[in-house]
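Start counting the sequence shown at 198; every next residue gets the next number (the working numbering).
A virtual CB, placed ideally from N, CA and C, is assigned to each residue, including glycine.
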Amino acid sequence: MKRSILMLAMFFTLSTAFTSCREVNEEENEMEMEGEEMEREMEREMEGEMNEMEDDLDNVGDDIEDAANDAGDAVEDAANETGEVVEDAANEVEDEVEGNDDY
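Next up, the structure:
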């Protein structure tokens, strides 16, 4: 009788040990899978943020280029207007000297 009780106790102990080891292994696998999932999610988020930053930098570059073009156009327009005013003044002086003045 002692022997059968001892055998049952050993069988119970072994089955419990194998079951608990399997559960620990499953938990480790689940944790590993969750860790890998989180890593992939973080990589996707980082990639998205990097793309947004790249787009923002491109937009800033475009804005700077547009501002430079606008400034160049403004300088060119001012130079043209100044040239026209100088030319008109020269024509008036020439007319005054030649006596073709309207006054």
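Keeping to the same chain, check which residues put their C-beta closer than 8 Å to that of residue i; ignore five residues upstream and five downstream.
i      : result
Met204 : none
Within 8 Å (strictly less), CB to CB, does residue i reach chain D?
i      : result
Ala206 : Any reference to chain D falls outside this structure, which holds one protein chain only.
Quick one: residues in its chain with C-beta nearer than 7 Å to the C-beta of residue i, no 5 flanking neighbours on either side, listed in chain order?
i      : result
Met235 : none
Exercise for review: Output the residue ranges of the alpha helix (DSSP H) runs that lie fully inside the segment 206 to 288 and measure 4 residues or longer, sorted by chain position.
Suggested key: Complete alpha helix (DSSP H) runs here, min 4: none at all.
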